[in-house]
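Visitor: Sharing a structure below in structure tokens format, with a few things to ask.
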Amino acid sequence: MKNSLRVERAIKNITQGELADLIGVSRQTINTIESNKYVPSTVLALKIARVFEKKVEEIFELEEGE
Amino acid sequence: MEPQLLFPSKFRYLGSLLAIPGFILGWFTQTKSYEIPGFSLNIHAPNVILTGKAEADKKLLSYGLQPENFTNELALTLVIVGLLFIAFSRLKREDELTSRIRSHALYWGILVNYLIYAALVVFITTADVLNLNVGGGLLGPFSYYFAFLVYNLFSPLVIFIGIFCFLLFRNKNEFVYKPIKYLPNKPYRIVSKWFSGIFFVVGVLNGIFEFRQWLQSILFLLPVALFAWAYTREKSEDEFVDVVRMDAMKIAIYVNYGVLLMSNFLFYGNDFWMVQELNLITIPVIFIAWFQYKLYRINKQSEAKPLAS
């Protein structure tokens, strides 16, 4: 699964740390998700989407073959 | 996915305050036979559970109640409780990924611990067969099978804490997270199951009928077979099964150390070490039992409540 978290953060102009604080996780967790090494739970994905006021599938999408 | 069954984060410091003095005290009791003066009670009656009542009564009549010094019990309690606090207290910012990494570290820690054990069993057995004098100190304190029983009291927790810290702090910006690899279901599940069964039956029958002395060492292989069993994939392993698996391992560790702390105060001397031989298999046995029971329950529930059509 890939995500556009980094782009969305740039648009909203917030740092990893600020996003982490908004949804109550650690900064490293946001970084691990951004680098596609960890797939967040549905709850966490929904919380992230809520911060950016977008639908989950606009931020996270399946890669080809998944 | 809120992290469950964890202590508040301040317990980490409390844990170090308990574990470090515990290790120091333990080291002095083991190497210098240090005992806190006067820290004993005359309670050391022969144990009825392990020797049978008649034998225990006979010993009691001839020797009377013996004093038991509680220094080593105190040291072990400090170490175990301290390490449990360090291992299972929340991080300052605990989230789903950190608790997942904790579960993985736990799984790896237990595996590494028993790989060391397996290597030791192989080494000591070969040395025995070849009549090498390993007791003379080729591997120092590791030359004795018995030594592992001492280390096994705390080594799973120490290895786990080490791996957990490595995964969290190796990289300042991100966590190290990789899915765990298991042995394939075929043929390992069936093979490990059979070996566990055979080792258990042969070991127990030999214990009762005393066929051959050397056959007794087959029981030392039982933990290895049980671990192979615990580390094989289910036929269909998915995310959910993985969560159930991790929870089962956590429960196994909690129960194991709960029982260990209790046995620390119920059994003394040689009796305690006999219980510790059982301790070698408690983690995989509780894990397998809990994990399989949970899967059974989940299957049962999904059969009982079919989706509304």
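In order, the protein sequence lines correspond to chains A and B.
Numbered by the working numbering, the letters in the first sequence go through residues 89 to 154 in order.
Numbered by the working numbering, the letters in the second sequence go through residues 15 to 323 in order.
We treat Cβ as the ideally placed atom computed from N, Cα and C, and that holds for glycine.
Model, not experiment: these values are computed from the prediction.
Just reading off the alpha helix (DSSP H) that Q230 of chain B is part of, what are its end residues?
Guide: Residue numbering aside, residue 230 of chain B sits at position 216 when the second sequence is read from its first letter. Careful: Q230 of chain B lies outside any alpha helix (DSSP H) and carries neither H nor E.
Visitor: Starting from N119 of chain A, trace the alpha helix (DSSP H) in both directions and tell me its first and last residue.
Guide: The residue you call residue 119 of chain A lines up with position 31 of the first sequence. Its alpha helix (DSSP H) spans residues R115 to E122.
Visitor: Determine whether the Cβ of T120 of chain A lies closer than 9 Å to any Cβ atom of chain B.
Guide: Here residue 120 of chain A refers to the residue found at position 32 of the first sequence. Cβ-Cβ to chain B under 9 Å: yes for T120 of chain A.
Visitor: I need the DSSP call for E149 of chain A, collapsed to helix, strand or coil.
Guide: Translated into the one-based positions of the first sequence, residue 149 of chain A becomes position 61. Note: E149 of chain A maps to strand in three-state DSSP.
Visitor: Would you say S92 of chain A and E146 of chain A are within 9 Å of each other, going by their C-beta atoms?
Guide: For the purposes of this step, residue 92 of chain A is taken as residue 4 along the first sequence, with counting starting at 1. For the purposes of this step, residue 146 of chain A is taken as residue 58 along the first sequence, with counting starting at 1. Yes, Cβ-Cβ distance for S92 of chain A and E146 of chain A is below 9 Å.
Visitor: Whole angstroms is fine: what's the gap from P155 of chain B's alpha carbon to R26 of chain B's?
Guide: Here residue 155 of chain B corresponds to residue number 141 of the second sequence, with the count starting at 1. Here residue 26 of chain B corresponds to residue number 12 of the second sequence, with the count starting at 1. Since pLDDT at P155 of chain B reaches only 49, below the 50 mark, its modelled position is unreliable, and no value is offered.
Visitor: Using a Cβ-Cβ distance cut-off of 9 Å, determine whether Y191 of chain B contacts chain A.
Guide: Here residue 191 of chain B refers to the residue found at position 177 when the second sequence is read from its first residue. Judged by the 9 Å Cβ criterion, Y191 of chain B is in contact with chain A.
Visitor: Give the residues from the region 123-153 of chain A that approach chain B closer than 8 Å (Cβ to any Cβ), ordered along the chain.
Guide: Taking 8 Å as the Cβ-Cβ cut-off against chain B, the residues of the region 123-153 of chain A that qualify are S123, K125, Y126, P128, S129, V131 and L132.
Visitor: Across which residues does DSSP place N83 of chain B in a beta bridge pair?
Guide: Position 69 of the second sequence, counted from the start, is the residue given in the question as residue 83 of chain B. Note: N83 of chain B sits in a beta bridge opposite B:S54.
Visitor: Can you say whether D109 of chain B is buried or exposed, counting buried as having 16 or more other CB atoms within 10 angstroms of its CB?
Guide: The residue you call residue 109 of chain B lines up with position 95 of the second sequence. Its Cβ being crowded by 16 or more others within 10 Å, D109 of chain B is buried.
Visitor: Quick one: does N220 of chain B have its CB under 9 Å from some CB of chain A?
Guide: Here residue 220 of chain B refers to the residue found at position 206 when the second sequence is read from its first residue. Judged by the 9 Å Cβ criterion, N220 of chain B is not in contact with chain A.
Visitor: According to DSSP, is F281 of chain B part of a helix, a strand, or is it coil?
Guide: Looking up residue 281 of chain B in the second sequence gives position 267. Reduced to three states, the DSSP call for F281 of chain B is coil.
Visitor: Quickly, what does DSSP pair K314 of chain B with across the bridge? List them, please.
Guide: Within the second sequence, the letter at position 300 stands for residue 314 of chain B. Paired residue(s): none; K314 of chain B is not in a bridge.
Visitor: I'd like the list of long-range same chain contacts for L134 of chain B, defined as Cβ closer than 6 Å, with 5 residues on each side in sequence excluded.
Guide: In the second sequence, residue 134 of chain B corresponds to position 120, counting from 1. Closer than 6 Å at the Cβ level, and outside the excluded window around L134 of chain B, lie F162.
Visitor: At a Cβ cut of 7 Å, what residues of the region 92-115 of chain B count as close to chain A, listed as they run along the chain?
Guide: Those residues of the region 92-115 of chain B that come within reach of chain A (Cβ to Cβ, closer than 7 Å) are R107, D109, E110, L111 and T112.
Visitor: Rounded to whole angstroms, what's the CA-CA distance from V95 of chain B to L129 of chain B? Just pull it up for me.
Guide: Start at 1 with the first residue of the second sequence, and residue 95 of chain B comes out as number 81. Start at 1 with the first residue of the second sequence, and residue 129 of chain B comes out as number 115. Between V95 of chain B and L129 of chain B, the C-alpha separation is close to 25 Å.
Visitor: Checking 9 Å against the spacing of the C-beta atoms, do F102 of chain B and L20 of chain B come in under that value?
Guide: On the second sequence, position 88 is the one that residue 102 of chain B refers to. On the second sequence, position 6 is the one that residue 20 of chain B refers to. Yes, the pair counts as a contact, with Cβ atoms nearer than the cut-off.
Visitor: Using a beta-carbon distance cut-off of less than 7 Å, what residues from the region 170-199 of chain B approach chain A?
Guide: Listed by position, the residues of the region 170-199 of chain B near chain A (Cβ gap below 7 Å) are N187, E188, F189 and Y191.
Visitor: Determine the chain B residues that contact S114 of chain A at a beta-carbon separation under 9 Å, and present them in chain order.
Guide: In the first sequence, counting from the first residue as 1, residue 114 of chain A sits at position 26. By Cβ distance, chain B contributes L105, K106, R107, E108, D109, L111, T112 and F189.
Visitor: Please list, in chain order, the chain B residues whose beta carbon lies closer than 9 Å to that of T117 of chain A.
Guide: Here the question's residue 117 of chain A lines up with position 29 in the first sequence. Correct list: R107, D109, E110, L111, T112, E188 and F189.
Visitor: So, is the C-beta of V113 of chain A closer than 9 Å to a C-beta in chain E?
Guide: Included in the structure are the protein chains A and B, with no chain E among them.
Visitor: Counting contacts by CB-CB distance shorter than 9 Å, is A98 of chain A in contact with chain B?
Guide: Start at 1 with the first residue of the first sequence, and residue 98 of chain A comes out as number 10. For A98 of chain A, the answer is no, since every Cβ of chain B falls outside 9 Å of its Cβ.
Visitor: Scan the region 155-191 of chain B and note each continuous alpha helix (DSSP H) run of 4 residues or more that stays entirely inside, going in chain order.
Guide: You should have 159-165 and 169-183.
Visitor: Going by DSSP, name the residue or residues bridged to F21 of chain B.
Guide: In the second sequence, residue 21 of chain B corresponds to position 7, counting from 1. The partner list for F21 of chain B (beta bridge, DSSP) reads B:S103.
Visitor: State the DSSP-derived secondary structure class of N101 of chain A, mapped to helix, strand or coil.
Guide: One-based indexing of the first sequence puts residue 101 of chain A at position 13. Here N101 of chain A sits in coil by DSSP.
Visitor: Distance check for E49 of chain B and L171 of chain B, CA to CA, integer angstroms please.
Guide: Against the second sequence, residue 171 of chain B aligns to sequence position 157. Against the second sequence, residue 49 of chain B aligns to sequence position 35. Each residue's alpha carbon lies about 26 Å from the other.
Visitor: Taking all protein chains shown into account, do 16 or more other C-beta atoms lie within 10 angstroms of the C-beta of K264 of chain B, making it buried, or fewer, making it exposed?
Guide: Mapped onto the second sequence, residue 264 of chain B falls at position 250. It counts as buried.
Visitor: Once DSSP output is grouped into helix, strand and coil, what is the label at K249 of chain B?
Guide: Residue numbering aside, residue 249 of chain B sits at position 235 when the second sequence is read from its first letter. If DSSP states are grouped into helix, strand and coil, K249 of chain B belongs with coil.
Visitor: By Cβ distance below 6 Å, which residues in the same chain neighbour G29 of chain B in space, the five residues on each side in sequence not counted?
Guide: On the second sequence, residue 29 of chain B is found 15 positions in, with the first residue counted as 1. Within the same chain, G29 of chain B has close Cβ partners G96, F99 and I100.
Visitor: To which residues of the same chain is L152 of chain B closer than 6 Å at the C-beta, ignoring the five residues directly before and after it?
Guide: Working through the second sequence from its first residue, we reach residue 152 of chain B at position 138. With a pLDDT of only 46 at L152 of chain B, under the threshold of 50, the placement of this residue in the model should not be trusted; the figure read from the coordinates follows. For L152 of chain B, where only same-chain residues beyond five positions count, there are no Cβ hits under 6 Å.
Visitor: Is F324 of chain B near L111 of chain B, with beta carbons less than 9 Å apart?
Guide: The question about residue 324 of chain B has no answer here: the residues shown for chain B are numbered 15 through 323.
Visitor: Return the residue from the list B:W41, B:V93 and B:Q306 that minimises the CA-CA distance to Y333 of chain B.
Guide: The displayed coordinates of chain B run from 15 to 323. Any statement about residue 333 of chain B would go beyond what the structure contains.
Visitor: Do the region 291-306 of chain B and the region 237-244 of chain B touch if we need at least three Cβ pairs shorter than 8 Å?
Guide: At 8 Å Cβ cutoff, the stretches touch.
Visitor: Rounding to the nearest angstrom, what Cα-Cα distance links T130 of chain A and A303 of chain B in this structure?
Guide: As a first step, residue 130 of chain A must be located in the first sequence, where it is residue number 42. As a first step, residue 303 of chain B must be located in the second sequence, where it is residue number 289. Going from the Cα of T130 of chain A to the Cα of A303 of chain B covers about 30 Å.
Visitor: Once the 5 residues before and after F225 of chain B are set aside, which same chain residues still bring their CB inside 8 Å of it?
Guide: In the second sequence, counting from the first residue as 1, residue 225 of chain B sits at position 211. These residues qualify, in order along the chain: L219.
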